[in-house]
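Heads up, the sequence shown stops at 847 in the numbering used here, and the numbers go up one at a time, no gaps.
Ideal Cβ positions, reconstructed from N, Cα and C, are used throughout, including at glycine.
Structure, as structure tokens:
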Amino acid sequence: MYVLNYPFKMGNVCVSVFCQTRAAGQTMERRVSPQGGLTWFQKSSIPSFAISSRNDSGDLNLNTLLCDAKNGTTAKSTLSAFVREHQLELAEPVRIYRNETSQDSRPNKALDSNRLKVLLEWYPHLSVRLDIARQGISRVWHNSNRQTSCPLNNHLSFTRHEAAALRSIITGQASGHFLVVDASIMDMWPNVHCSPFGAEEKSDVDLRLEVRPIHDLSFPNVSSTNDLLDKACLPEVNYAYVTVLAARKEDLASPYPQFSIKVLKGDVKGAYRHLMTNANHFHQMAGLTGSLDTLIIDLAAPFGWADSPQYYGAFGRAISWQVSTNSPSTVSDSDDNTPCFGYEWVNDYVMIRIDSQDRLLLVESTLRHAMLAVLGSRSINETKFTSWKTRLTVLGLTWDTVHRSLSIPQAKIDKRSDTRNDLQKVLGSLRYITNASEPPNHFTSLFILQRWFLHILRHDHLSELPLCMFGALPDHDFHVDMDASDVGLTVLNPTYDEFIQIRFYNDELDLIRKNAFSINVREHLCIALTVWTWGQQWSRQKSSLVPHIHCRSDNSTVVSWSNKLASSCPEAQEINRAIGLGEAGFNIRISAAHLPGSTNCMADAASQAWSESHASVWTNFSVHWTQVRISRAWRKIYKTFSTNFNPTHRPRRQSPNIPAHGNNGQNGAYSCSIRPGYPTAAPQLALFVVFCWKYGFGRPNQGNSALTILSKISQLSWHHQLKLGFSVGLSPGHKLALLEMRRHDRPSSKKHPVTIRIMRTLHSRLYINQIQGRFIWGAAVLSFFYLLRRSEYLARGQKSQTYAFSSAGVVILINFDKSCSTLV
Numbered sequence: 024m025y026v027l028n029y030p031f032k033m034g035n036v037c038v039s040v041f042c043q044t045r046a047a048g049q050t051m052e053r054r055v056s057p058q059g060g061l062t063w064f065q066k067s068s069i070p071s072f073a074i075s076s077r078n079d080s081g082d083l084n085l086n087t088l089l090c091d092a093k094n095g096t097t098a099k100s101t102l103s104a105f106v107r108e109h110q111l112e113l114a115e116p117v118r119i120y121r122n123e124t125s126q127d128s129r130p131n132k133a134l135d136s137n138r139l140k141v142l143l144e145w146y147p148h149l150s151v152r153l154d155i156a157r158q159g160i161s162r163v164w165h166n167s168n169r170q171t172s173c174p175l176n177n178h179l180s181f182t183r184h185e186a187a188a189l190r191s192i193i194t195g196q197a198s199g200h201f202l203v204v205d206a207s208i209m210d211m212w213p214n215v216h217c218s219p220f221g222a223e224e225k226s227d228v229d230l231r232l233e234v235r236p237i238h239d240l241s242f243p244n245v246s247s248t249n250d251l252l253d254k255a256c257l258p259e260v261n262y263a264y265v266t267v268l269a270a271r272k273e274d275l276a277s278p279y280p281q282f283s284i285k286v287l288k289g290d291v292k293g294a295y296r297h298l299m300t301n302a303n304h305f306h307q308m309a310g311l312t313g314s315l316d317t318l319i320i321d322l323a324a325p326f327g328w329a330d331s332p333q334y335y336g337a338f339g340r341a342i343s344w345q346v347s348t349n350s351p352s353t354v355s356d357s358d359d360n361t362p363c364f365g366y367e368w369v370n371d372y373v374m375i376r377i378d379s380q381d382r383l384l385l386v387e388s389t390l391r392h393a394m395l396a397v398l399g400s401r402s403i404n405e406t407k408f409t410s411w412k413t414r415l416t417v418l419g420l421t422w423d424t425v426h427r428s429l430s431i432p433q434a435k436i437d438k439r440s441d442t443r444n445d446l447q448k449v450l451g452s453l454r455y456i457t458n459a460s461e462p463p464n465h466f467t468s469l470f471i472l473q474r475w476f477l478h479i480l481r482h483d484h485l486s487e488l489p490l491c492m493f494g495a496l497p498d499h500d501f502h503v504d505m506d507a508s509d510v511g512l513t514v515l516n517p518t519y520d521e522f523i524q525i526r527f528y529n530d531e532l533d534l535i536r537k538n539a540f541s542i543n544v545r546e547h548l549c550i551a552l553t554v555w556t557w558g559q560q561w562s563r564q565k566s567s568l569v570p571h572i573h574c575r576s577d578n579s580t581v582v583s584w585s586n587k588l589a590s591s592c593p594e595a596q597e598i599n600r601a602i603g604l605g606e607a608g609f610n611i612r613i614s615a616a617h618l619p620g621s622t623n624c625m626a627d628a629a630s631q632a633w634s635e636s637h638a639s640v641w642t643n644f645s646v647h648w649t650q651v652r653i654s655r656a657w658r659k660i661y662k663t664f665s666t667n668f669n670p671t672h673r674p675r676r677q678s679p680n681i682p683a684h685g686n687n688g689q690n691g692a693y694s695c696s697i698r699p700g701y702p703t704a705a706p707q708l709a710l711f712v713v714f715c716w717k718y719g720f721g722r723p724n725q726g727n728s729a730l731t732i733l734s735k736i737s738q739l740s741w742h743h744q745l746k747l748g749f750s751v752g753l754s755p756g757h758k759l760a761l762l763e764m765r766r767h768d769r770p771s772s773k774k775h776p777v778t779i780r781i782m783r784t785l786h787s788r789l790y791i792n793q794i795q796g797r798f799i800w801g802a803a804v805l806s807f808f809y810l811l812r813r814s815e816y817l818a819r820g821q822k823s824q825t826y827a828f829s830s831a832g833v834v835i836l837i838n839f840d841k842s843c844s845t846l847v
């Protein structure tokens, strides 16, 4: 056995961390026969642990004894026989397996409560840490004595990767994280509850060798392990937003411009697996593998238990707390008393420091020593421990300290094209999260949100966002004042001496009287109209990389909705989508602040200018101001935004035996494409729209319809994207005008559906003895019966759709699958 001693200084305490390793194949003292030892699931020469009989004191003990694999015994069968022989309850073999005695009841020997008590004396969650270190995680259950009458089948993700999943379980068995016995042992342990296993695929590894087993403790509903857990017993741990990292970089950039700022990411290996469960609570953490007739019991805080993050948070927070309470002077002979910066998100730790002297080395050493001191010698994940860099992807975002910017990695943006099957794999493996966070009430709203965000991802404006836009915002470049009343709303833009003034329609006034069109939604609408009215002007006249527009309102609810872009109100969600898309499209940043109503007199008078008491006040205020007209298409975006800005509809995915449409070409253009270069193409496209509107068919007064013009613009956008690498589109104002033009389109003339009578009439008028007649009749019959089953092939939602076949869509093939151009 090799013992490595790591002494280091933290504050006034000198700590030594011992790392014990065993040489490969080295044996330890035998105390029982090989038949009493433990090997792997299957025959293997890899050493494992053995169990002994009761000692003189009556306690069951565990002795590290290597087993000879040639004798044919396995860990599962040996332990199962031992349980049957001694008629042990579940807790007893677990204590043997983990070497828990009356003198030392610690389930994880790497957690020393005495050392932690000294090292973390002032840590807020110290009592939770000490309890878990001494006796493991103790839970409170609403109904602990229940039994599953019919064990549930494991998820397909586990069955698909069963070999790799069992390999991970075998590794966990050797490290003391799983207890594996025969499934028939359940007859002796009637209170054991089994939950299905799943598996999550890991990136950059061979899935045949390694996956992450997930214990689905949230299934089935109501009677699952997660449902029966008493949430009141959980420690309260809150994580800081990642905006803390942005603020940290900005705080270092100003006082130290001569130094480069670097970032390091550390990671704890096995995170939750350091926390062992108390032996009296394992009966809720079991699962079955039918192929091996095996009962598997999770001994540590599992992936799949909804509250593992909270228990680990009490431990993980201790690492960052230990780092932040130290400075270079407390861990070395330096005179620098500046505290180290420590930030954690579950098991990820982020350090940010200026590159000066040996500060980077000291901060990294402090983090490593804190991990070793808090969680033991096997806590550092070297494969995910990075070096100090100026550009690093942390917590799914790319941070650049040189340009002081933040971006979404391109690989994450590319995931928007992942298949639905891939998405379902992730959702299935993370089922337990739904126990901790409320899922959306309607899938439709979630789908709309995904479609809205897809539009945003298509713009390059979400890359290299300045860090100053996160956390405390910089000084604003422009500001607007707004207000709404029961009769109308107003937005004032003092930069351009312009204003928006809208009087509500009669149907909106009726909704206001019925309390169905709240004042919050009305004032929130002001911000969306602001973005789409002046956003393009602000982006052109920007004085900074990303113009900051400050909206002042006397409604605190609207301020919260706009700053967070989140609300439970459906109308507010629509407005937030409009604001978010406008921010990305125009490359601007919107913030809101509360303005007392007593000081918002000008906007208040403008929103009620149709009443005599406010008309004169507003007239005096607006002598030199210009009103900006708002198109009808924008008047009700609190209801119609998602409808007006839908991407082009695509056919539903076909069954495997029917070729899908358009798989060999580029994606179609979206109806709300807003690219950084669109202002240069907008005037030309506007002239093109006018020409098509007047002379689309080559003669006066016979122009194209608005829908046809939109189709032509989509083709132009598609061509630019395919050939030139960028898309073009209309400006927001021209787009709104085109939407208005749709009102003048003539209604389309619908054709009557084909009936049996029409088919008989067609047959009677054809010359079937001629090849032309047989061709027409064959095409008609095929089309008729194909469209009868359109609900299978051409389904689009729940409604019945109308389709038609043209003669050009029918092709006759001759030898070698060549099309025939003439019929004789």
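- Item | Given 8 Å, three or more beta-carbon pairs between the stretch 331 to 349 and the stretch 358 to 369 | yes
- Query: If you run the structure through DSSP and keep just helix, strand and coil, what is Tyr528?
  - Reply: Taking the sequence shown and counting its residues from 1, one reaches residue 528 at position 505. Reduced to three states, the DSSP call for Tyr528 is coil.
- Task: Taking Glu597 as the reference, give the member of Ala616, Ile550, Cys217 with the closest Cα.
- Result: Locating residue 597 in the sequence shown gives position 574, counting from the first residue. Minimum Cα distance to Glu597 is reached at Ile550.
- Message: Between which two residues does the beta strand (DSSP E) holding Phe326 run?
- Response: Reading the sequence shown from its first residue, position 303 is the one you call residue 326. That residue, Phe326, is in no beta strand (DSSP E); it is neither H nor E in DSSP.
- Query: Along the chain, which unbroken stretches of the beta strand (DSSP E) at least 3 residues long are found entirely within the stretch 229 to 282?
  - Reply: 235 to 238
- Beta-carbon spacing of Lys272, Ile375 below 8 Å: Taking the sequence shown and counting its residues from 1, the one referred to as residue 272 is at position 249. Taking the sequence shown and counting its residues from 1, the one referred to as residue 375 is at position 352. If you check the CB distance, Lys272 and Ile375 come in under 8 Å.
- Query: Given Phe493, which residues of its chain have a CB within under 6 Å of its CB, disregarding the five upstream and five downstream residues?
  - Reply: Here residue 493 refers to the residue found at position 470 of the sequence shown. Result list for Phe493: Thr266, Ala269, in chain order.
- Item | Rounded separation between Ala646 and Ser634 - CA only | In the sequence shown, residue 646 corresponds to position 623, counting from 1. In the sequence shown, residue 634 corresponds to position 611, counting from 1. It is Val, not Ala, that sits at residue 646 in the sequence shown. Spanning the two alpha carbons is a distance of roughly 18 Å.
- Query: For Ala638, is the classification buried or exposed, using 16 other Cβ atoms within 10 angstroms of its Cβ as the cut-off for buried?
  - Reply: Reading the sequence shown from its first residue, position 615 is the one you call residue 638. It is exposed - the Cβ of Ala638 has fewer than 16 other Cβ atoms within 10 Å.
- Message: Could you give the first and the last residue of the continuous beta strand (DSSP E) run that contains Leu383?
- Response: The residue labelled residue 383 in the question sits at position 360 within the sequence shown. Note, Leu383: premise wrong, no beta strand (DSSP E); alpha helix (DSSP H) at 382 to 398.
- Message: At the level of alpha carbons, what is the spacing between Met299 and Thr182?
- Response: Residue mapping note: residue 299 aligns to position 276 of the sequence shown, counting from 1. Residue mapping note: residue 182 aligns to position 159 of the sequence shown, counting from 1. Those two C-alpha atoms are separated by around 27 Å.
- Which same chain residues, not among the five before or five after Leu315, have their C-beta less than 6 Å away from its C-beta? Position 292 of the sequence shown, counting from 1, holds the residue named residue 315. So the list is empty, once near-sequence residues are dropped.
- Query: Helix, strand or coil: which one does DSSP assign to Ile835?
  - Reply: Stepping through the sequence shown from its first residue, residue 835 is reached at position 812. Note: Ile835 maps to coil in three-state DSSP.
- Task: Taking the CB atoms as reference points, tell me whether Ile237 and Phe305 lie closer together than 8 Å.
- Result: As a first step, residue 237 is located in the sequence shown; it is residue number 214 there, counting from the start. As a first step, residue 305 is located in the sequence shown; it is residue number 282 there, counting from the start. In this structure, Phe305 does not lie closer than 8 Å to Ile237 by Cβ.
- Given that a residue counts as buried once 16 or more other Cβ atoms are within 10 Å of its Cβ, and exposed if not, what is His165? Along the sequence shown, one-based indexing puts residue 165 at 142. So His165 counts as exposed.
- Item | Same chain, Cβ closer than 7 Å to Leu759, five either side skipped, listed in chain order | As a position in the sequence shown, residue 759 is number 736, starting the count at 1. Result list for Leu759: Ser654, Ala656, Trp657, in chain order.
- Can you tell me whether Asp627 is buried or exposed, with buried defined as 16 or more other CB within 10 angstroms of its CB? Here residue 627 is taken as the residue at index 604 of the sequence shown, counted from 1. With 16 or more Cβ atoms within 10 Å of its Cβ, Asp627 is classed as buried.
- Are at least three pairs of beta-carbons, each pair with one atom in the stretch 251 to 259 and one in the stretch 185 to 201, less than 8 Å apart? Not touching, per the Cβ criterion.
- Please determine if the stretch 504 to 517 and the stretch 575 to 590 are in contact, where contact requires at least 3 C-beta pairs separated by less than 8 Å. Yes: the two stretches touch, three or more of their Cβ pairs being nearer than 8 Å.
- Query: Roughly how many angstroms separate the alpha carbons of Ala341 and Gly289, rounded to a whole number?
  - Reply: Looking up residue 341 in the sequence shown gives position 318. Looking up residue 289 in the sequence shown gives position 266. One C-alpha to the other measures close to 14 Å.
- Query: Taking buried to mean at least 16 other C-beta atoms within 10 Å of its own C-beta, is Asn360 buried or exposed?
  - Reply: On the sequence shown, position 337 is the one that residue 360 refers to. When all chains shown are included, Asn360 counts as exposed.
- Item | Nearest-angstrom Cβ-Cβ length linking Leu322 and Phe201, presumed shorter than 8 Å | The residue given as residue 322 occupies position 299 in the sequence shown. The residue given as residue 201 occupies position 178 in the sequence shown. Right, the Cβ-Cβ distance comes to about 6 Å (below 8 Å), so this counts as a contact.
- Message: Looking at the secondary structure, which residues open and close the alpha helix (DSSP H) in which Lys758 lies?
- Response: Here residue 758 refers to the residue found at position 735 when the sequence shown is read from its first residue. First-last of the alpha helix (DSSP H) with Lys758: 755 to 764.
- Query: Helix, strand or coil for His617 per DSSP?
  - Reply: As a position in the sequence shown, residue 617 is number 594, starting the count at 1. In the displayed model, His617 falls within a strand according to three-state DSSP.
- Tell me, please, which residues DSSP counts as bridged to Tyr366. Counting from 1 along the sequence shown, the entry for residue 366 is found at position 343. Paired residues: Val373.
- Message: Comparing C-alpha positions only, which one of Ala302, Leu568, Leu515, Ser331 sits nearest to Ser428?
- Response: The residue given as residue 428 occupies position 405 in the sequence shown. Closest by alpha carbon: Leu568.
- Message: I need the straight-line Cα distance from Phe220 to Asn177, nearest angstrom please.
- Response: Here residue 220 corresponds to residue number 197 of the sequence shown, with the count starting at 1. Here residue 177 corresponds to residue number 154 of the sequence shown, with the count starting at 1. Cα-Cα distance, rounded: 5 Å.
- Task: Using only alpha-carbon positions, find the residue among Gln345, Phe609, His743 that is nearest to Val141.
- Result: Start at 1 with the first residue of the sequence shown, and residue 141 comes out as number 118. The residue from Gln345, Phe609, His743 with its alpha-carbon nearest to that of Val141 is Gln345.
- Message: If you reduce the DSSP assignment to three classes, tell me which class Gly293 lands in.
- Response: To locate residue 293, count along the sequence shown from 1; it is residue 270. Gly293 falls in the coil class under three-state DSSP.
- Contact check, Phe501 vs Trp561 under 8 Å by CB: the rounded distance? Taking the first residue of the sequence shown as 1, we reach residue 501 at position 478. Taking the first residue of the sequence shown as 1, we reach residue 561 at position 538. Confirmed, Cβ separation roughly 6 Å.
- Whole angstroms is fine: what's the gap from Leu385's alpha carbon to Arg235's? Looking up residue 385 in the sequence shown gives position 362. Looking up residue 235 in the sequence shown gives position 212. Cα-Cα distance, rounded: 34 Å.
- Simplified DSSP state of Pro219, which is helix, strand or coil: Within the sequence shown, numbered from 1, the residue matching residue 219 stands at position 196. Reduced to three states, the DSSP call for Pro219 is coil.
- For Arg190, which beta-bridge partners are listed by DSSP? Walking along the sequence shown from the start, residue 190 turns up at place 167. Per DSSP, none; premise fails for Arg190.
- Item | Validate contact between the stretch 736 to 745 and the stretch 536 to 546 using beta carbons, cut 8 Å, 3 pairs | no
- Query: Could you give the residue range of the beta strand (DSSP E) that holds Ala626?
  - Reply: Position 603 of the sequence shown, counted from the first residue, corresponds to residue 626. Segment 624 to 630 is the alpha helix (DSSP H) holding Ala626; no beta strand (DSSP E) there.
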